[in-house]
Amino acid sequence: MFFQYRKVLFISLLFLRQMICANEILIDPVPVAMVYNPNPHYSLINSIDYHPKQHLFCVTYTHSNKVLLYEINAAGKPEMVQSLNNPLAKLSEPQHAVFSPDGEKIVVANWTNQTLTIYQREEGDFFCAKPAAVIPSPSSLIHCKPHGIAFSPCGNYLAIAYGAASCYGRAIALFYMTKEGLDCELVHVLEGTEALPGIPKGITFSPDGTCLLVTFSDVNSLVIFNLSGNNKTILQTPRQVIQGQETRIFRPEDVKISANGNYCAVSNSEQNTVTFYLFDKTLNLVTQRIPCYILQNPEACLCFPHGIAFSPDGSFMLVSEFGLINTTEGGGIFWDNTTSPEQSKFNLYNFH
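Under this note's numbering, the first residue of the sequence shown carries the number -8, and numbering increases by one thereafter.
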């Protein structure tokens, strides 16, 4: 009887320890590297995305019309290894770039002409500098500007959040990838002020691909939407809304789910923070409205954080930043020609 009791107690303690470790965020709040905009003029660094299978990531330098690829070198520091740039790349102020789940393509949403440009991997680690496809925006969304994009885990769907500011149309769109990932067709969209609670910014799929997590910047919220009909329809009624002072969400930009699926992270440009929330990947719900961790200054060295990326092995997190620029009441941003190029940068953080 005594040994049975000890066995039950041991199993219970082991389970509790596993639960604590799963939910504990062990991040070094001081960046191990800060990489400044290498271009001669100021440029927004809107997005950052990690390759699904290796320590390679892509960064959009919007106003320089470049997508730069970096590797983590032997010293654990980012090192630029490739540049996708015009005229060959046909970029038009690239807003957000994302790797396909198989790692063989990069899809870029362009701000100015609203196209999607798709780059295929060549032999080795490099991507073809010329896009394999340039996809125009659907006519029904031509009045909208793309802000965030995300692939479904299976790679068959691409979700795009259209918004950025009150002067642009707002929508959440779901596309089905065709022609072996070189084209796509619009399958469903939620559009306008009646369908959406605010201005969409960041977007990502749940780990099982059945939900969308979307940030709305003007109403300071993170919203989870269900997908139905073989994941081809976005249900308008939210599954969950995370909003309120206790959430510490203020002008949210990007949202990402950690590699292990145990928490999601939101970048808050108004507060210069990244807030983390416990996430149940079975129920597809945020289990606690209060952040379980806040990455914040002075240690974090954040200034207008924007894009977020996690490495697939869970060892790194990247955050892109705009720096000291100005915002408008309608959610827009502006700067002048005296703004230093080095205001924009991205930070690399270690997880343990």
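Cβ atoms here follow ideal geometry from the backbone N, Cα and C, with glycine treated the same way.
Taking the CA atoms as reference points, T169 sits about 30 angstroms from E62.
Contact check for S197 against A250 fails: the beta carbons are separated by 8 angstroms or more. For F48, the enclosing beta strand (DSSP E) starts and ends at L47 to Y52. Beta-bridge pairing by DSSP links V89 to V98. Per DSSP, the continuous beta strand (DSSP E) segment holding F307 begins and ends at F307 to E312. Counting C-beta pairs with one atom in each stretch, the segment 129 to 141 and the segment 157 to 167 have three or more that are closer than 8 angstroms, which means they touch. The segment 269 to 277 makes contact with the segment 185 to 202; the number of CB pairs closer than 8 angstroms reaches 3 or more. E171 sits in a helix when the DSSP states are folded into three classes.
Residue state for Q334 is assigned as helix, using DSSP reduced to three classes. For S197, the secondary structure class from DSSP, reduced to helix, strand or coil, is coil. Three or more pairs of CB atoms, one per stretch, sit closer than 8 angstroms, so the segment 297 to 312 contacts the segment 29 to 47. When the Cα atoms are used, I16 and N338 turn out to be separated by approximately 18 angstroms.
The count of Cβ pairs closer than 8 angstroms, one atom from the segment 177 to 193 and one from the segment 101 to 120, stays below three, leaving the stretches out of contact. For L218, the enclosing beta strand (DSSP E) begins and ends at S212 to S219. Taking 8 angstroms as the cut-off, the beta carbon of Y284 is found no closer than this to the beta carbon of F307. When C-beta atoms of the segment 45 to 56 are compared with those of the segment 77 to 87, three or more pairs fall below 8 angstroms, so the two segments count as touching. By the neighbour-count definition (other C-beta atoms within 10 Å, threshold 16), V265 is a buried residue. Taking the Cα of I133 as reference, the smallest distance to any Cα among A141, P144, G139 and W102 is reached at W102.
The C-beta distance from N28 to I36 rounds to 7 angstroms, short enough to fall under 8 angstroms.
Rounded to whole angstroms, the gap between the alpha carbons of T108 and T224 is 24 angstroms. Around K44, the same chain offers G94 and P303 as residues with beta carbons nearer than 7 angstroms, after the five sequence neighbours per side are excluded.
V23 is not bridged by DSSP to any residue. Taking all protein chains shown into account, I140 has 16 or more neighbouring C-beta atoms within 10 Å of its C-beta and is therefore buried. Linking C49 to S74 through their CA atoms gives a straight-line distance of about 9 angstroms. Excluding sequence positions up to five before and after L204, its CB lies within less than 6 angstroms of the CB of T195, I215 and V246, all in the same chain and listed in chain order. Cβ contact annotation for C294 (same chain, cutoff 7 angstroms, sequence separation greater than five): N263, E312, G314 and L315, in chain order.
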